[in-house]
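K.L.:
Sharing a structure with you now.
Number of protein chains: 2
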Amino acid sequence: MLPSSAPLDLAFQALADPTRRIMVERLSQSPASVSELARPLDMTLSAVVQHLAVLEASGLVRSEKVGRVRTCRIEPAALRSAERWISERRASWERRLDRLGDFLSETELLAKPRRKK
Amino acid sequence: MLPSSAPLDLAFQALADPTRRIMVERLSQSPASVSELARPLDMTLSAVVQHLAVLEASGLVRSEKVGRVRTCRIEPAALRSAERWISERRASWERRLDRLGDFLSETELLAKPRRKK
DNA sequence: ACAATAGTTAAGTTATCACTTAACTATCAA
DNA sequence: TTGATAGTTAAGTGATAACTTAACTATTGT
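Protein chains in written order, with our numbering: chain B, 2 to 118; chain P, 2 to 118.
So this is what it looks like as structure tokens:
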């Protein structure tokens, strides 16, 4: 099950790196050039370009070049589908915990019945 | 900036693997033993145990062993903080797009004023 | 006591990651 | 036209990832 390359794999993989999260944070404020993205990062421009390639491959970021500057912006859709995956899991376990809560309070009522809720 | 090991790194890293996402999906339905987690997966038990170790290190899953069976359950907190990181980015870009929308509709009003909204 | 079940651990393999240096290509500005 | 700016690409390196096989430990049902 090594390289699945499914969209979620790429998105979570991309977000797993702190440098790339910094880049995404920057881009969620506003679009930026590659050098602007690189400015706060302690690595070569070359490395930043490679991180950018990962972000683009994951669909989290899109960019276009005009003249000699490439402007990058986030692509909400990919981020949203990562968010959706998580929130669906949350929905699932919350539903279960609710049922569990109901069950517990009901058995408690059966064991030593007091006032109806 | 190689090994940051920050909680979010570990959480996103863990979620980047499709096998581990399947395990998390299973666990968000209900707790399960290691062999139950392994059942639908096309790999050795050993590999599954290793994936489980990654999930536990990331804080996404917790487990306890009783007799010879280890029961695993999801740990909502870690999943929630990953979700929160994403939704904060979303808040950020949505705010910006709102302001942009306001700006555009205002300039449009200035350019060729029609009815007030 | 024995065998089957449930999981653990170590070691090895192959692939991928996160960089770096270095050489190179455009574009813009003086 | 020359130099600085902005980015690209290739090749190499060391670390980590995702497995496998194999040998082993503890628990439980018969």
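Ideal Cβ positions, reconstructed from N, Cα and C, are used throughout, including at glycine.
Helix, strand or coil, according to DSSP, for residue 115 of chain P in the structure here?
P.N.:
Taking the second sequence and counting its residues from 1, one reaches residue 115 of chain P at position 114. With a pLDDT of 38 at residue 115 of chain P, under the threshold of 50, the predicted position of this residue should be treated as unreliable, and no value is reported.
K.L.:
So residue 1 of chain B and residue 56 of chain B are supposed to be a Cβ contact under 8 Å. How far apart are they, rounded?
P.N.:
Residue coverage of chain B in this structure runs from 2 to 118, which leaves residue 1 of chain B outside it and unanswerable.
K.L.:
Measuring straight from C-alpha to C-alpha, what distance separates residue 30 of chain P and residue 94 of chain B?
P.N.:
Within the second sequence, the letter at position 29 stands for residue 30 of chain P. Within the first sequence, the letter at position 93 stands for residue 94 of chain B. Cα to Cα, the separation comes out at about 6 Å.
K.L.:
Are any of the Cβ atoms in chain P nearer than 8 Å to that of residue 10 of chain B?
P.N.:
The residue given as residue 10 of chain B occupies position 9 in the first sequence. It does; some Cβ of chain P falls within 8 Å.
K.L.:
Please report how far the alpha carbon of residue 81 of chain B lies from the alpha carbon of residue 45 of chain B, in whole angstroms.
P.N.:
Within the first sequence, the letter at position 80 stands for residue 81 of chain B. Within the first sequence, the letter at position 44 stands for residue 45 of chain B. Straight-line Cα distance between these residues: approximately 30 Å.
K.L.:
Below 7 Å on C-beta distance, what does residue 25 of chain B contact in chain P?
P.N.:
Residue 25 of chain B sits at position 24 when you count from the first residue of the first sequence. Correct list: 90.
K.L.:
In three-state terms, what does DSSP make of residue 47 of chain B?
P.N.:
Counting from one through the first sequence, the residue named residue 47 of chain B turns up at place 46. Helix at residue 47 of chain B.
K.L.:
At a cut of 8 Å, does the stretch 61-68 of chain P reach the stretch 46-53 of chain B through at least three beta carbon pairs?
P.N.:
no
K.L.:
So the candidates are P:35, P:99, P:67 and P:66; which of them puts its Cα closest to the Cα of residue 52 of chain P?
P.N.:
One-based indexing of the second sequence puts residue 52 of chain P at position 51. Ranking P:35, P:99, P:67 and P:66 by Cα distance to residue 52 of chain P puts P:35 first.
K.L.:
So for residue 63 of chain B, helix, strand or coil by DSSP?
P.N.:
Translated into the one-based positions of the first sequence, residue 63 of chain B becomes position 62. Residue state, collapsed to three classes: strand.
K.L.:
Enumerate in chain order the residues of its own chain whose CB-to-CB distance from residue 86 of chain B is below 7 Å, with the five nearest sequence positions on each side excluded.
P.N.:
As a working mapping, residue 86 of chain B is identified with position 85 in the first sequence. Only 9 meet the Cβ criterion.
K.L.:
For the candidate residues P:83, P:101, P:96 and P:91, whose alpha-carbon lies nearest to that of residue 19 of chain B?
P.N.:
Stepping through the first sequence from its first residue, residue 19 of chain B is reached at position 18. Out of P:83, P:101, P:96 and P:91, P:83 has the C-alpha closest to the C-alpha of residue 19 of chain B.
K.L.:
Which residues in chain B sit within 8 Å of residue 84 of chain P, going by Cβ to Cβ distance?
P.N.:
Taking the second sequence and counting its residues from 1, one reaches residue 84 of chain P at position 83. Within chain B, the residues near residue 84 of chain P are 84, 87, 88 and 91.
K.L.:
For chain P, find out if any of its Cβ atoms is closer than 8 Å to the Cβ of residue 38 of chain B; answer yes or no.
P.N.:
The residue you call residue 38 of chain B lines up with position 37 of the first sequence. Not closer than 8 Å to any Cβ of chain P, the Cβ of residue 38 of chain B fails to qualify, so no.
K.L.:
Could you spell out the range, first to last residue, of the beta strand (DSSP E) harbouring residue 71 of chain P?
P.N.:
Counting from 1 along the second sequence, the entry for residue 71 of chain P is found at position 70. Counting along the chain, the beta strand (DSSP E) containing residue 71 of chain P begins and ends at 70-75.
K.L.:
What is the residue span of the alpha helix (DSSP H) that residue 11 of chain B lies within?
P.N.:
If you number the first sequence from 1, residue 11 of chain B lands on position 10. Residue 11 of chain B -> alpha helix (DSSP H) spans 8-16.
K.L.:
Rounded to a whole number of angstroms, what is the C-alpha to C-alpha distance between residue 90 of chain P and residue 98 of chain P?
P.N.:
As a first step, residue 90 of chain P is located in the second sequence; it is residue number 89 there, counting from the start. As a first step, residue 98 of chain P is located in the second sequence; it is residue number 97 there, counting from the start. Looking at the two C-alpha atoms, the distance is approximately 12 Å.
K.L.:
Check the Cβ of residue 30 of chain P against every Cβ in chain B and list those closer than 9 Å, keeping chain order.
P.N.:
Locating residue 30 of chain P in the second sequence gives position 29, counting from the first residue. What residue 30 of chain P touches in chain B: 93, 94 and 97.
K.L.:
Just the C-alpha distance for residue 75 of chain B and residue 43 of chain B, rounded to the nearest angstrom, thanks.
P.N.:
On the first sequence, position 74 is the one that residue 75 of chain B refers to. On the first sequence, position 42 is the one that residue 43 of chain B refers to. Going by the C-alpha atoms only, they are around 22 Å apart.
K.L.:
Give me the residue from P:32, P:13, P:78 and P:41 with the minimum Cα distance to residue 23 of chain P.
P.N.:
Position 22 of the second sequence holds residue 23 of chain P. Comparing Cα positions, the closest option is P:41.
K.L.:
By Cβ distance below 6 Å, which residues in the same chain neighbour residue 39 of chain B in space, the five residues on each side in sequence not counted?
P.N.:
As a working mapping, residue 39 of chain B is identified with position 38 in the first sequence. Closer than 6 Å at the Cβ level, and outside the excluded window around residue 39 of chain B, lie 46 and 49.
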